[in-house]
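Participant:
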Amino acid sequence: MIIQKHGSSPVQKNTWRKIKNNKAFYICVAPFMILFLLFSAFPIVSSFFLGFTKWNGAGLPAFAGVDNYVQLFQDPLFLQSIYNTIYMWFFSTLFTLGLAFILAYLVNYYIKKAKGFYRVVFLFPLLVAPALTAIIISVVFSTNSGAVNSVISLLMEGRFTQEWLRSEFWIKPLIVLIIVWRWTGYHFILYIAGLQTIPDELYEAARIDGANPLQMIKNITLPLMLPIILVSSITATVGAIQLFDEPYVLTDGTGGVGNAGLSMGMYLYETAFEYFDFGLAAAQSYVLFAMILAVTLVNARLLRRRT
Numbered sequence: 019m020i021i022q023k024h025g026s027s028p029v030q031k032n033t034w035r036k037i038k039n040n041k042a043f044y045i046c047v048a049p050f051m052i053l054f055l056l057f058s059a060f061p062i063v064s065s066f067f068l069g070f071t072k073w074n075g076a077g078l079p080a081f082a083g084v085d086n087y088v089q090l091f092q093d094p095l096f097l098q099s100i101y102n103t104i105y106m107w108f109f110s111t112l113f114t115l116g117l118a119f120i121l122a123y124l125v126n127y128y129i130k131k132a133k134g135f136y137r138v139v140f141l142f143p144l145l146v147a148p149a150l151t152a153i154i155i156s157v158v159f160s161t162n163s164g165a166v167n168s169v170i171s172l173l174m175e176g177r178f179t180q181e182w183l184r185s186e187f188w189i190k191p192l193i194v195l196i197i198v199w200r201w202t203g204y205h206f207i208l209y210i211a212g213l214q215t216i217p218d219e220l221y222e223a224a225r226i227d228g229a230n231p232l233q234m235i236k237n238i239t240l241p242l243m244l245p246i247i248l249v250s251s252i253t254a255t256v257g258a259i260q261l262f263d264e265p266y267v268l269t270d271g272t273g274g275v276g277n278a279g280l281s282m283g284m285y286l287y288e289t290a291f292e293y294f295d296f297g298l299a300a301a302q303s304y305v306l307f308a309m310i311l312a313v314t315l316v317n318a319r320l321l322r323r324r325t
């Protein structure tokens, strides 16, 4: 490209001079930028406009305005998927982060040797594929030959045949159990890294002032750990609201009895790839994005107020 000297502003000249001087840098980042634009930016923008159309994957999309969004919030099944997702997000995040913090605190301050061993042990569930984890849980909680029913039968001295996977009440707690088992180790690693950055002198000074362990956790540990807790809560929020693998495998892709295990991710998948209503699925994806954004902003504001 030839840059004309006459008519070019000083700003343009400086810009092209910087590009020329840093040519190697721009050549290195060009492949990433091209891939990002093609496979990230373009799908994001196009799916936003697709949400205002009716399209089954063939032919040209037909403009539909906000009909897709109106249809979503008039669909009881979609509203139920929102409730199920919020339920699973809230309890999985609460128990995962709480358990991870307790384990990290105990290992960091009460385990003197082999701390690396506990890091490996608690992180191991993350190496197991989500689908495989759900299969293991389904076998353990099987009605006729599951380990849970077998143990309860031995304790009761009779045959116990609770249908855990076909229960509208129990299916969501089982999904929460899978998430807690799988992700506690990840947050445990984050918390133990944060705890190791807190100087021991602060605890020594608090002990001299007569503070008990609970007071030290409340006034020293938690305030200094809030940035880590914020990152942890945002990560858990994004993962839980996008939940798909665990409920899909655990309910055989049906959503369970009464759709009690149907997540928003499953509803989106069914809309797009079973009913081929890509416009409606695109609209739902942005509802999903809005929920993640809203919950993340609320978490960030609540935690930052305490810092």
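For the numbering used here, add 18 to where a residue sits in the sequence shown, where the first one is 1.
Just so it is clear, CB atoms sit at the ideal spot from N, CA and C, and this is done for glycine as well.
Quantities reported herein were computed from a predicted structural model and do not represent experimental measurements.
What's the C-alpha gap between I20 and N32?
Facilitator: Here residue 20 is taken as the residue at index 2 of the sequence shown, counted from 1. Here residue 32 is taken as the residue at index 14 of the sequence shown, counted from 1. Residue confidence is low: I20 scores 44 on pLDDT, short of 50, so the model does not pin down where it sits. No coordinate-derived value is stated.
Participant: Which two residues bound the contiguous alpha helix (DSSP H) that contains G77?
Facilitator: The count along the sequence shown starts at 1 and reaches residue 77 at position 59. First-last for G77: undefined, no H or E at that position.
Participant: Terminal residues of the continuous alpha helix (DSSP H) containing G274?
Facilitator: Position 256 of the sequence shown, counted from the first residue, corresponds to residue 274. That residue, G274, is in no alpha helix (DSSP H); it is neither H nor E in DSSP.
Participant: Provide the residue span of the alpha helix (DSSP H) that contains K236, from first to last.
Facilitator: Your numbering for residue 236 matches position 218 in the sequence shown. Careful: K236 lies outside any alpha helix (DSSP H) and carries neither H nor E.
Participant: Could you check where the alpha helix (DSSP H) with R225 kicks off and where it finishes?
Facilitator: As a first step, residue 225 must be located in the sequence shown, where it is residue number 207. First-last of the alpha helix (DSSP H) with R225: 218–226.
Participant: Rounded to a whole number of angstroms, what is the C-alpha to C-alpha distance between V146 and R200?
Facilitator: The residue given as residue 146 occupies position 128 in the sequence shown. The residue given as residue 200 occupies position 182 in the sequence shown. Taking the straight line from one Cα to the other gives about 8 Å.
Participant: In chain order, what residues of the same chain lie with their CB nearer than 8 Å to the CB of F91, ignoring the 5 residues before and after it?
Facilitator: Against the sequence shown, residue 91 aligns to sequence position 73. These residues qualify, in order along the chain: L97.
Participant: With C-beta atoms as the reference, is V157 less than 8 Å away from V166?
Facilitator: Your numbering for residue 157 matches position 139 in the sequence shown. Your numbering for residue 166 matches position 148 in the sequence shown. Contact: no.
Participant: What would DSSP say about L280, mapped onto helix, strand or coil?
Facilitator: Working through the sequence shown from its first residue, we reach residue 280 at position 262. Of the three classes helix, strand and coil, the one that applies to L280 here is coil, per DSSP.
Participant: My understanding is that V198 touches L248, with C-beta atoms under 8 Å, so please give their C-beta distance in whole angstroms.
Facilitator: In the sequence shown, residue 198 corresponds to position 180, counting from 1. In the sequence shown, residue 248 corresponds to position 230, counting from 1. No, V198 and L248 are not in contact; Cβ-Cβ is about 20 Å, not under 8 Å.
Participant: Pick from P217, V256, L244, I189: whose alpha carbon is nearest that of A312?
Facilitator: What you label residue 312 is simply residue 294 of the sequence shown in a count that begins at 1. The option with the nearest alpha carbon to A312 is V256.
Participant: Judging by CA-CA distance, which residue of K236, P245, I189, G176 is the nearest neighbour of L208?
Facilitator: Against the sequence shown, residue 208 aligns to sequence position 190. Minimum Cα distance to L208 is reached at P245.
Participant: Taking all protein chains shown into account, do 16 or more other C-beta atoms lie within 10 angstroms of the C-beta of I392, making it buried, or fewer, making it exposed?
Facilitator: The requested residue 392 is not part of the displayed model; the chain covers only 19 to 325.
Participant: Which same chain residues end up closer than 6 Å to W107 when comparing Cβ atoms and leaving out the 5 residues on each side of it in sequence?
Facilitator: Here the question's residue 107 lines up with position 89 in the sequence shown. The residues are A258, I259.
Participant: Any idea if W34 is buried or exposed, counting beta-carbon neighbours within 10 angstroms, 16 or more meaning buried?
Facilitator: By 1-based counting over the sequence shown, the position of residue 34 is 16. Answer is exposed; the Cβ neighbour count stays below 16.
Participant: Compare the C-alpha of A149 against each of P61, A290, L268, T111 and name the closest.
Facilitator: As a first step, residue 149 is located in the sequence shown; it is residue number 131 there, counting from the start. Nearest C-alpha to A149: L268.
Participant: By how many angstroms is the C-alpha of N39 removed from the C-alpha of T151?
Facilitator: Translated into positions along the sequence shown, residue 151 becomes position 133. Translated into positions along the sequence shown, residue 39 becomes position 21. If you take the alpha carbons of T151 and N39, they lie about 53 Å apart.
Participant: Please return the same chain residues whose Cβ sits closer than 8 Å to the Cβ of S250, not counting the five positions on each side in sequence.
Facilitator: Counted from its first residue, the sequence shown places residue 250 at position 232. Excluding positions up to five away in sequence, the list reads L115, A118, H205, L208, Y209.
Participant: Nearest by alpha-carbon distance to T239: which of N102, S99, L78, Q214 is it?
Facilitator: In the sequence shown, residue 239 corresponds to position 221, counting from 1. If we check each option's Cα against that of T239, Q214 comes out closest.
Participant: Please classify D227 as buried or exposed, where buried requires at least 16 other C-beta atoms within 10 Å of its C-beta.
Facilitator: If you number the sequence shown from 1, residue 227 lands on position 209. With fewer than 16 Cβ atoms within 10 Å of its Cβ, D227 is classed as exposed.
Participant: Got a sec? Which residues, its chain only, sit under 7 Å from T314 by beta carbon, not counting five neighbours each side?
Facilitator: By one-based count along the sequence shown, residue 314 stands at place 296. Answer for T314: I252, T255, listed in chain order.
Participant: Could you work out which residue in Y44, F66, I37 is closest to A308 when comparing CA atoms only?
Facilitator: Mapped onto the sequence shown, residue 308 falls at position 290. When only C-alpha atoms are compared, the closest one is F66.
Participant: Excluding five sequence neighbours on each side, which residues of the same chain lie with their C-beta closer than 6 Å to the C-beta of M282?
Facilitator: To locate residue 282, count along the sequence shown from 1; it is residue 264. For M282, where only same-chain residues beyond five positions count, the Cβ hits under 6 Å are S99, T103, L306.
Participant: With a threshold of 16 other CB atoms inside 10 Å of the CB of I129, please say whether the residue is buried or exposed.
Facilitator: Counting from 1 along the sequence shown, the entry for residue 129 is found at position 111. Exposed, since its Cβ has fewer than 16 Cβ neighbours within 10 Å.
Participant: Quick check: the stretch 187–194 against the stretch 261–275, are at least 3 beta-carbon pairs closer than 8 Å?
Facilitator: Verdict: yes, contact present.
Participant: Across the stretch 291–298 and the stretch 71–91, are there enough close Cβ pairs to call them in contact, namely three or more that are closer than 8 Å?
Facilitator: Result yes; three or more Cβ-Cβ pairs closer than 8 Å.
Participant: Go ahead and pull the three-state DSSP assignment for S160.
Facilitator: Here residue 160 refers to the residue found at position 142 of the sequence shown. In the structure shown, S160 sits in coil (DSSP, three-state: anything other than H, G, I, E or B).
Participant: By the DSSP assignment, the alpha helix (DSSP H) with R137 in it spans what residues?
Facilitator: In the sequence shown, residue 137 corresponds to position 119, counting from 1. R137 -> alpha helix (DSSP H) spans 133–141.
Participant: Assign I155 to one of two classes, buried (16 or more other C-beta atoms within 10 Å of its C-beta) or exposed (fewer than that).
Facilitator: Locating residue 155 in the sequence shown gives position 137, counting from the first residue. Classification for I155: buried.
Participant: Assuming L232 and I216 are in contact, meaning their beta carbons sit under 8 Å apart, how far apart are those beta carbons, in whole angstroms?
Facilitator: For the purposes of this step, residue 232 is taken as residue 214 along the sequence shown, with counting starting at 1. For the purposes of this step, residue 216 is taken as residue 198 along the sequence shown, with counting starting at 1. In fact, because the Cβ distance is near 16 Å, the residues do not count as touching under 8 Å.
Participant: Does the Cβ-Cβ distance between G212 and F140 come in under 8 Å?
Facilitator: As a working mapping, residue 212 is identified with position 194 in the sequence shown. As a working mapping, residue 140 is identified with position 122 in the sequence shown. Against a cut-off of 8 Å, the Cβ pair of F140 and G212 comes out as no contact.
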